[in-house]
Structure formats: structure tokens, C-alpha cells
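S.K.: So that we are looking at the same thing, I have put the structure below in C-alpha cells.
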Amino acid sequence: MSVLVYAEHDNATLKGATLSTVAAAKEIGGDVVVLVAGSGCAAVGEEAAKVEGVSKVLVADNAAYENQLAENIADLVVELGKDYSHILASATTTGKNFLPRVAALLDVAQISEIITVVNENTFQRPIYAGNAIATVESTDAIKVITVRATGFDGVAAEGGSASVEAVDVAKDAGLSSFISAEIAKSDRPELTAADVIISGGRGMQNGDNFKILEAVADKLGAAMGASRAAVDAGFVPNDMQVGQTGKIVAPDLYIAVGISGAIQHLAGMKDSKVIVAINKDEEAPIFQVADYGLVADLFEAVPALEKLL
Amino acid sequence: MKVLVAVKRVVDANVNVRVNADNTGIDLNNVKMAMNPFCEIAVEEAVRLKEKGVATEIVVISMGKKDCQEQIRTALALGADRGILVETDEELQPLAVAKLLKAVVDEEKPEIIIFGKQAIDNDNSQTGQMLAALCGYSQAAFASEILIEDGKATVTREVDGGLQTLALNLPLVVTTDLRLNEPRYASLPNIMKAKKKPVDVKTPADLGVDAAPRLKTVKVEPPAERKAGVKVETVEELVDKLKNEAKVIS
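Chains A and B, in that order, give the protein sequences. For any residue, its number in the working numbering is found by taking its place in the first sequence, counting from 1, and adding 91. For any residue, its number in the working numbering is found by taking its place in the second sequence, counting from 1, and adding 3.
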């Protein structure tokens with residue numbers, strides 16, 4: 092048995108989600124091989140070699156892989172993945188994009204967003220926005236799986252000493268090309284990797300008012316999130332959305348401000364260790380999952396909170 | 004050009020679902036069903052492409068039990084021209100759906116195939132990408148803007164850190180994200196007209212596809228419940244609890 096883990100990175104650094112995916116791979120068992128596909132990504136390969144529990148790193152460094160185009164990456168992973176019993180990718184927008192292509196080309200099912208490894212063939216995954224947990228068993232020869240990072244504590248980024256091997260496989264399907272990217276630059280931690288998150292909802296009333304959350308985030312070293320309602324209303328950009336169709340997070344502390352708590356939002360954050368809700372509507376469903384609920388006007392409570400921190 | 008839109012019948016997004024008594028799935032008795040919300044966005048985008056003069060015909064397809072006709076009729080009322088139902092009482096998993104769609108694509112030869120990015124029942128987010136792979140087509144998953152010009156597509160996608168824009172060859176598979184558009188409601192006259200639009204019914208056997216499931220669902224359980232929390236009266240009390248009880252801030 093051997094597991095191929097597809098590394099999540101930006102050609103410069105390895106993303107934390109990969110550590111959780113390696114943790115899932117270790118639970119499955121067997122050799123863990125990490126594939127770094129990108130362009131000018133040698134440093135990522137070195138970083139991956141230090142990850143705990145990794146036995147080998149494959150680096151496919153080619154211009155065709157620079158922007159993680161699904162068509163090219165899938166062709167590469169299909170070629171390299173045939174000899175493995177499991178192929179794992181993080182359930183990020185990159186993994187969710189190319190991995191179903193891999194599964195279809197290998198003529199196997201994909202098991203999406205697993206949160207538990209029961210055994211090498213059996214896994215648990217949330218369905219219906221996390222309102223049910225399904226245990227599914229695969230009989231396919233190769234198991235193709237995306238891993239939800241919040242389900243697995245990441246392995247240590249340091250301590251390993253895997254060998255690094257260059258892979259000379261160039262796959263350019265010629266079907267798509269990269270034009271541009273608008274990636275938000277922020278000094279704050281990444282939403283999916285943060286220990287503390289403060290999120291705003293429709294109750295924030297407008298985008299400017301998110302400044303009062305920023306002040307709290309600065310003091311706590313927190314990432315900023317939002318409900319779908321706040322994103323749809325145009326208060327904040329889409330990459331801040333937490334929920335069933337946005338990012339799935341599980342920080343130590345999640346502070347929900349002016350968020351009513353639709354099931355789609357709860358699906359994205361209810362595995363947080365401690366949940367705080369600040370909302371003036373005491374009937375808001377968010378209070379049913381909050382460890383600490385404060386029924387108050389957020390425009391008074393949030394500045395007061397900031398002063399006390 | 005022809006546009007194919009795939010729609011799924013799912014439990015309505017506003018229903019609080021419950022696991023059934025024998026832990027084999029969700030209790031679907033007397034539960035309101037609807038078109039998957041992301042598929043509504045897919046239908047709307049197809050209709051807009053037709054209104055812009057890019058699309059000449061919109062074919063809507065759904066798969067599953069006979070009741071899926073309802074969602075096909077909804078799409079027809081919104082502006083699709085004709086429907087295809089692949090009818091089966093068996094469970095259809097994403098790979099099987101993609102194979103059935105491939106058979107239909109081979110016959111219909113659409114230039115653009117639009118899906119929702121995921122269905123809110125099984126939250127798989129697989130079928131569109133799988134079809135693109137089986138057909139050898141380009142794909143733009145999680146689209147927030149689609150532009151078709153001179154036989155090429157330019158699509159902006161929602162990615163984890165922000166947005167990514169790609170140039171793509173046709174034929175193309177697109178899966179829709181939330182902010183691609185805001186779907187319209189069907190008007191009563193259009194609902195009436197939709198009843199007369201043609202819907203072709205096929206079976207997996209007609210399409211020559213083995214649609215047997217690959218994954219076995221061993222059991223379905225409710226998630227672990229969170230313990231009910233406490234209400235605090237003041238911000239001071241909240242900070243005190245976070246520091247001294249939960250110990251998540253210092």
C-alpha cells in the first residue's frame with residue numbers, strides 16, 4: 092500500500108492544508124509520497140521533504156503546472172498515480188478542481204472531503220451541509236480522496252528527511268491558459284489556518300463597519316471571515332466566506348458577530364473549539380451552537396470587547 | 004451554439020434534514036424537494052447566454068426517479084427549450100452521472116455544458132469535472148463570470164485566495180459558484196408554456212452505460228451535537244470566561 096499526496100502550494104511555500112492531508116495519509120498507512128507540481132517550485136519540494144512521515148517527494152517542475160490548471164495537473168497525476176493504492180488531495184479549490192478529473196480518467200469513484208479514516212477502504216464524510224455523517228466504503232483499486240483539513244490535525248512541518256526526486260513528465264493539454272489572478276494580500280493569518288477567527292454577517296450593515304472587527308482581529312491575531320449574507324450583500328470579498336459553499340474552518344476560537352446562523356454557515360464553523368456569538372436577536376440560531384452568547388448591539392459590544400483585550 | 008444544462012433534484016435548502024431511523028440515509032418522507040440552488044444558477048446563466056445571442060438552444064437534463072421531471076419543467080419555464088430525463092430508480096453516483104452525460108454529449112454535441120458546482124445533498128462537487136475529463140474538454144469550476152467570444156471562453160473562477168481568470172477552448176464544462184448571477188423566478192405564462200415543451204425520456208440501458216454505484220454507504224449518522232452553551236450578560240463577563248474558563252485568549 093502506498094499513498095500519493097498532492098501538495099498544496101503557491102510555487103514558493105507549502106500550504107498548511109497539506110500537513111492535514113499527510114496526517115490522513117498516515118492513518119491510511121503505507122508509504123507516503125508527496126507530489127509537488129508547479130513551476131519554479133524546488134523550494135516547496137525541499138519543504139515537503141521535511142514534513143513528518145513523508146518517505147519521498149516527487150517534484151514536477153514545468154511551466155504547464157504553474158497555475159494548477161486542472162486539465163494539465165489531472166493528466167500528470169493520472170500518469171504518476173497509477174502505481175498507488177490511494178491518491179489524496181486537500182479539499183481546497185485546487186484539489187476540488189482537478190481531482191474529480193483524475194478519478195474519472197482512472198475510472199474510479201472520488202470520495203470527497205473525508206473527515207475520518209475508518210480503515211484503508213472506509214471513510215467518513217459529512218453530507219447535507221454536515222447535518223449527517225456518512226460512512227462510505229470503496230471497492231475501487233485506487234481510492235481517490237479529498238481531505239477536509241479540519242478533520243485531521245496536521246503532522247509536524249519539520250523533522251522528516253524524505254528523498255526528493257525530479258519527475259520529468261510534461262503534460263500540457265492545451266485546453267486552457269492562465270490570464271490573471273486577483274489574490275487578496277493580507278497580513279492576517281489565512282482563514283483556514285487561523286487559531287482565532289472573527290466573522291461578520293448581515294448585522295454588520297455595510298463593508299465599512301467591518302473595521303470594528305478588524306480592530307479586534309488585530310488584537311487577537313485573528314483571521315477575518317464572513318457569512319454568505321455579508322458576501323452576497325457586497326460588504327466583503329468572496330474569499331472571506333465561511334460555510335457549506337465557502338471555507339470550512341475549525342479554529343480554537345470563532346467569534347460570530349451579527350450572524351444569525353443559517354445551517355449553511357454552521358456547516359462551515361461548528362467544529363470550532365469555542366464559539367462566541369454576539370447578536371441582538373436572542374432567538375438567532377447561532378446561539379444554539381455558541382459556547383458563549385452575548386445578546387447585545389454589536390456596535391456597542393464589539394468596540395467594548397476590543398478595549399478589554 | 005447549443006448549451007446543455009444539468010440539474011439535480013434535491014431536498015429543498017430550507018428543510019432541516021434528519022437521518023432516518025435505520026441509519027441508511029436521510030428521511031425523505033414528505034420532505035419538500037427542489038432544484039439544487041447551484042443548478043438554478045446554471046439554468047439562469049444558460050438563459051442569459053441565449054438572451055445575449057451566444058446560445059441558440061438550451062437543453063436541460065436531469066437524472067434519477069420520474070419526479071425529476073418537475074425540475075426539468077422548472078428549467079423549461081425559466082427558458083430552456085427542451086428536456087432530457089435519464090430515468091432510473093437506482094442510486095446514481097457522480098461517476099455514473101458523468102458517464103451517462105458523456106453519452107448524451109456524444110449525441111447532442113453542445114459547445115457549453117453548465118453544472119452547479121455542487122449539489123447540497125451529498126456535497127460532492129465532482130460531476131462537472133468528471134464529465135470534462137471523460138470528454139477531454141476544458142473545464143472552469145466555481146465560475147463567477149463567463150464571457151464567450153470568438154469561439155473562446157474567458158471565465159473568472161472563485162479560488163481560495165480570491166479570483167482566477169482563465170482562457171478556455173470550446174467545448175467547455177463550467178460549474179457555477181454563488182455569485183455568477185441571481186436566478187430569476189419563472190412567470191406563470193412561462194410555467195404554462197413549459198408544459199408543452201418536449202421532454203425526452205431515456206434509461207441508462209438506452210445510453211449503453213453501466214451506472215452501478217462504486218461506493219457503498221455503510222451507515223449515515225447524525226453529527227455529534229454541540230453542548231448547549233451559556234448566555235453572558237456583559238462584554239466583561241465574556242472576556243473573563245474566554246480568559247479564565249475557556250482559556251482561548253490571554
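Here a beta-carbon is modelled for each residue, glycine too, at the ideal position from N, C-alpha and C. Treat the numbers as computed from the prediction; the structure is a model and nothing was measured.
Helix, strand or coil: how does DSSP classify B/Met66 here?
M.R.: Taking the first residue of the second sequence as 1, we reach residue 66 of chain B at position 63. Correct three-state label for B/Met66: strand.
S.K.: By the three-class DSSP mapping on this structure, what secondary structure does B/Ala146 have?
M.R.: In the second sequence, residue 146 of chain B corresponds to position 143, counting from 1. Residue state, collapsed to three classes: strand.
S.K.: Along the chain, where does the beta strand (DSSP E) containing A/Phe269 start, and where does it finish?
M.R.: One-based indexing of the first sequence puts residue 269 of chain A at position 178. Start and end: 267-274.
S.K.: Specify whether the region 172-189 of chain B and the region 130-149 of chain B touch according to this definition: at least 3 beta carbon pairs, one from each stretch, less than 8 Å apart.
M.R.: yes
S.K.: Please determine if the region 291-311 of chain A and the region 319-329 of chain A are in contact, where contact requires at least 3 C-beta pairs separated by less than 8 Å.
M.R.: yes
S.K.: When you compare only the Cα positions, how much space is there between B/Asn247 and A/Leu399?
M.R.: To locate residue 247 of chain B, count along the second sequence from 1; it is residue 244. To locate residue 399 of chain A, count along the first sequence from 1; it is residue 308. Rounded to the nearest angstrom, the two C-alpha atoms are 14 Å apart.
S.K.: Could you check the C-alpha separation between B/Leu245 and A/Gly292 for me, to the nearest Å?
M.R.: Here residue 245 of chain B refers to the residue found at position 242 of the second sequence. Here residue 292 of chain A refers to the residue found at position 201 of the first sequence. Each residue's alpha carbon lies about 22 Å from the other.
S.K.: Taking A/Asn329 as the query, report the chain B residues whose CB atoms sit under 9 Å from its CB, ordered along the chain.
M.R.: In the first sequence, residue 329 of chain A corresponds to position 238, counting from 1. What A/Asn329 touches in chain B: Ser147, Glu161, Gly165, Leu166, Asp180, Leu181, Arg182.
S.K.: Quick check: the region 353-365 of chain A against the region 204-220 of chain A, are there 3 or more CB pairs under 8 Å?
M.R.: yes
S.K.: Tell me where the alpha helix (DSSP H) around B/Glu161 begins and ends.
M.R.: The residue you call residue 161 of chain B lines up with position 158 of the second sequence. Unbroken run through B/Glu161 is the beta strand (DSSP E), 155-162; no alpha helix (DSSP H).
S.K.: Helix, strand or coil: how does DSSP classify B/Val108 here?
M.R.: The count along the second sequence starts at 1 and reaches residue 108 of chain B at position 105. Reduced to three states, the DSSP call for B/Val108 is helix.
S.K.: Can you check which of these residues, B/Gln121, B/Leu137, B/Gln129, is closest to B/Val107 by C-alpha distance?
M.R.: For the purposes of this step, residue 107 of chain B is taken as residue 104 along the second sequence, with counting starting at 1. B/Val107 has its Cα closest to that of B/Leu137, out of B/Gln121, B/Leu137, B/Gln129.
S.K.: Would A/Leu266 pass as a contact of A/Glu118 if the rule is Cβ separation under 9 Å?
M.R.: Working through the first sequence from its first residue, we reach residue 266 of chain A at position 175. Working through the first sequence from its first residue, we reach residue 118 of chain A at position 27. One thing to note: A/Leu266 has its Cβ no nearer than 9 Å to the Cβ of A/Glu118.
S.K.: A/Thr230 to B/Pro40, Cα distance in whole Å?
M.R.: As a position in the first sequence, residue 230 of chain A is number 139, starting the count at 1. As a position in the second sequence, residue 40 of chain B is number 37, starting the count at 1. The alpha-carbon atoms of A/Thr230 and B/Pro40 are separated by roughly 32 Å.
S.K.: Identify the residues that DSSP records as bridge partners of A/Leu315: which are they?
M.R.: Numbered from its first residue, the first sequence carries residue 315 of chain A at position 224. Strictly speaking, residue 315 of chain A in this sequence is Met, with Leu absent from that position. A/Ile289.
S.K.: What are the residues of the region 277-309 of chain A that lie near chain B, defined by any Cβ-Cβ distance shorter than 7 Å?
M.R.: none
S.K.: Using a 10 Å radius around the Cβ and a threshold of 16 neighbouring Cβ atoms, would you call A/Asp382 buried or exposed?
M.R.: If you number the first sequence from 1, residue 382 of chain A lands on position 291. The residue in question, A/Asp382, is buried, as its Cβ has 16 or more Cβ neighbours within 10 Å.
S.K.: In angstroms with no decimal places, state the Cα-to-Cα distance between B/Lys155 and A/Arg192.
M.R.: Here residue 155 of chain B corresponds to residue number 152 of the second sequence, with the count starting at 1. Here residue 192 of chain A corresponds to residue number 101 of the first sequence, with the count starting at 1. In a straight line, the C-alpha of B/Lys155 is about 21 Å away from that of A/Arg192.
S.K.: Nearest-angstrom Cα distance between B/Thr220 and B/Arg76?
M.R.: Your numbering for residue 220 of chain B matches position 217 in the second sequence. Your numbering for residue 76 of chain B matches position 73 in the second sequence. Answer to the nearest angstrom: the Cα atoms are 31 Å apart.
S.K.: Can you tell me whether DSSP reads A/Leu95 as helix, strand or coil?
M.R.: Stepping through the first sequence from its first residue, residue 95 of chain A is reached at position 4. Here A/Leu95 sits in strand by DSSP.
S.K.: Got a sec: is the Cβ-Cβ distance from A/Thr183 to anything in chain B below 9 Å?
M.R.: Sequence index remark: in the first sequence, residue 183 of chain A carries index 92 (1-based). Yes, A/Thr183 lies at the interface with chain B (some Cβ there is under 9 Å from its Cβ).
S.K.: With the cut-off set at 9 Å, would you say A/Val386 and A/Glu397 are in Cβ contact?
M.R.: The residue labelled residue 386 of chain A in the question sits at position 295 within the first sequence. The residue labelled residue 397 of chain A in the question sits at position 306 within the first sequence. No, these two residues do not count as a Cβ contact at 9 Å.
S.K.: Which residue wins for smallest C-alpha separation from A/Gln215, given the options B/Thr178, B/Glu114, B/Ala208, B/Pro226?
M.R.: Within the first sequence, residue 215 of chain A is the residue found at index 124, counting from 1. Ranking the options by Cα distance to A/Gln215, first place goes to B/Pro226.
S.K.: Less than 9 Å between CB atoms is the rule here; does B/Leu7 satisfy it with respect to chain A?
M.R.: By one-based count along the second sequence, residue 7 of chain B stands at place 4. Output row for B/Leu7: interface = no.
S.K.: When you compare only the Cα positions, how much space is there between A/Lys147 and A/Gly121?
M.R.: The residue given as residue 147 of chain A occupies position 56 in the first sequence. The residue given as residue 121 of chain A occupies position 30 in the first sequence. C-alpha separation (whole angstroms): 12 Å.
S.K.: Starting from A/Asn370, trace the beta strand (DSSP E) both ways and give me its first and last residue.
M.R.: Here residue 370 of chain A corresponds to residue number 279 of the first sequence, with the count starting at 1. Looking at the DSSP string, the run of the beta strand (DSSP E) that includes A/Asn370 is 365-370.
S.K.: Hey, how far is the Cα of A/Glu256 from the Cα of B/Glu224?
M.R.: Taking the first sequence and counting its residues from 1, the one referred to as residue 256 of chain A is at position 165. Taking the second sequence and counting its residues from 1, the one referred to as residue 224 of chain B is at position 221. Those two C-alpha atoms are separated by around 43 Å.
S.K.: So the beta strand (DSSP E) A/Val238 belongs to, where does it begin and stop?
M.R.: Mapped onto the first sequence, residue 238 of chain A falls at position 147. 234-238 is the span of the beta strand (DSSP E), which, as asked, contains A/Val238.
S.K.: Leaving out five residues on either side along the sequence, give the residues of the same chain with a beta carbon under 6 Å from the beta carbon of B/Asn23.
M.R.: Position 20 of the second sequence holds residue 23 of chain B. Contacts found: Asp30.
S.K.: Distance cutoff 9 Å, beta carbons only. Does A/Ser203 sit that close to anything in chain B?
M.R.: Here residue 203 of chain A refers to the residue found at position 112 of the first sequence. Yes, its Cβ sits closer than 9 Å to a Cβ of chain B.
S.K.: My output table needs one value for A/Ser111: the three-state DSSP class, helix, strand or coil.
M.R.: Against the first sequence, residue 111 of chain A aligns to sequence position 20. Looking at A/Ser111 - three-state DSSP - the assignment turns out to be helix.
S.K.: Please decide whether B/Gly131 counts as near chain A, where near means a Cβ-Cβ distance under 9 Å.
M.R.: Position 128 of the second sequence holds residue 131 of chain B. Cβ-Cβ to chain A under 9 Å: yes for B/Gly131.
S.K.: Looking at the C-beta of B/Val50, does it have a partner C-beta in chain A at a distance below 9 Å?
M.R.: Indexing the second sequence from 1 puts residue 50 of chain B at position 47. By this cut-off, B/Val50 is not an interface position.
S.K.: Quick check on A/Gly131: buried or exposed, where buried means 16 or more other Cβ atoms within 10 Å of its Cβ?
M.R.: Indexing the first sequence from 1 puts residue 131 of chain A at position 40. Exposed, because fewer than 16 other Cβ atoms sit within 10 Å of the Cβ of A/Gly131.
S.K.: Got a sec, what are the start and stop residues for the beta strand (DSSP E) A/Pro217 sits in?
M.R.: Position 126 of the first sequence holds residue 217 of chain A. Looking at the DSSP string, the run of the beta strand (DSSP E) that includes A/Pro217 is 213-218.
S.K.: Where B/Ile116 and B/Ala9 are concerned, what is the direct C-alpha to C-alpha distance, given to the nearest angstrom?
M.R.: The residue you call residue 116 of chain B lines up with position 113 of the second sequence. The residue you call residue 9 of chain B lines up with position 6 of the second sequence. B/Ile116 and B/Ala9 have their C-alpha atoms some 8 Å from each other.
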